[in-house]
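One structure is given below, encoded as structure tokens.
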Amino acid sequence: MGIALSVVFFASRNLIYSGLLYEMEPKQGWKRTARMLPYLAAKSLLNVLRTIPEMVWALIFVFMVGLGSFPGVLALGVHTGGVLGKLFGEVLEDVDTQPIESLQATGATRMQILFYGILPQVLPQFVAYTLYRWEVNIRVAAVLGLVGAGGLGQRIHIAISLFLENQLLTLIIAIYILVTIVDYLSAYLRRKVI
Numbered sequence: 530m531g532i533a534l535s536v537v538f539f540a541s542r543n544l545i546y547s548g549l550l551y552e553m554e555p556k557q558g559w560k561r562t563a564r565m566l567p568y569l570a571a572k573s574l575l576n577v578l579r580t581i582p583e584m585v586w587a588l589i590f591v592f593m594v595g596l597g598s599f600p601g602v603l604a605l606g607v608h609t610g611g612v613l614g615k616l617f618g619e620v621l622e623d624v625d626t627q628p629i630e631s632l633q634a635t636g637a638t639r640m641q642i643l644f645y646g647i648l649p650q651v652l653p654q655f656v657a658y659t660l661y662r663w664e665v666n667i668r669v670a671a672v673l674g675l676v677g678a679g680g681l682g683q684r685i686h687i688a689i690s691l692f693l694e695n696q697l698l699t700l701i702i703a704i705y706i707l708v709t710i711v712d713y714l715s716a717y718l719r720r721k722v723i
């Protein structure tokens with residue numbers, strides 16, 4: 530999520546290109562072009578991060594840092610950062626400009642515009658997307674273990690390799706219970722925030 534939040538404001542066209550955070554000043558063409566460069570760089574970075582599947586990221590990180598759960602965490606973090614960055618950028622592009630223009634008319638600073646004009650509009654969707662990706666990551670984490678990224682997936686791989694049906698069934702039930710708990714917790718948090 531840190532990747533997404535660090536890049537997301539650059540990946541939103543209406544915040545960079547038309548300059549909502551820059552007091553909506555489309556004066557000179559070269560300034561608008563200069564603002565497009567961070568936008569295009571952020572979009573390209575997010576596209577690379579989310580285009581490469583978690584499994585491939587896991588293999589890359591297994592080669593870089595070795596076997597264990599750390600490559601799986603890195604793979605999930607990098608891919609999720611790309612996906613959340615893309616989703617957050619799209620949410621920011623749909624921000625209603627009326628509250629922002631009203632805040633600018635009152636002389637609000639850029640940070641006040643961000644905290645009182647933009648964040649209240651996007652926070653519920655940010656939370657919903659983050660919780661959804663958390664659910665997805667719980668399920669994907671089990672699969673990443675099959676490529677040596679540790680966790681329950683690695684134990685499932687061992688159980689399959691050694692024909693340990695009882696242990697395999699126990700692990701599958703454990704994953705089911707974990708996903709169910711995460712689903713209920715996520716639904717509870719969505720109701721509280723949204």
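Letter by letter, the sequence shown follows residues 530 to 723 of this note's numbering. Every residue gets a Cβ at the ideal spot worked out from N, C-alpha and C, and that includes glycine. Treat the numbers as computed from the prediction; the structure is a model and nothing was measured.
Item: Ile710 by DSSP, collapsed to three states: which one?; Value: helix
Item: Taking Cβ positions, are Leu697 and Ile689 nearer each other than 8 Å?; Value: yes
Item: Rounding to the nearest angstrom, what Cα-Cα distance links Leu718 and Trp559 in this structure?; Value: 45 Å
Item: For His608, collect the residues of the same chain with a Cβ closer than 6 Å to its Cβ; drop the 5 residues on either side in sequence, then sort them by chain order.; Value: Glu583 and Trp586
Item: Tyr661 lies in the alpha helix (DSSP H); which residues open and close that run?; Value: Leu648 to Leu673
Item: Which of the three DSSP states is assigned to Pro582 in this structure?; Value: coil
Item: Measure the C-alpha to C-alpha separation of Glu571 and Gln633 and round it to an integer number of angstroms.; Value: Before going further, note that residue 571 is Ala rather than Glu in the sequence given. About 26 Å.
Item: So, with DSSP's three-state summary, where would you put Gly724?; Value: Residue 724 lies beyond the residue range present for the chain, which begins at 530 and ends at 723; the question has no answer from this structure.
Item: Where Val665 and Pro600 are concerned, what is the direct C-alpha to C-alpha distance, given to the nearest angstrom?; Value: 17 Å
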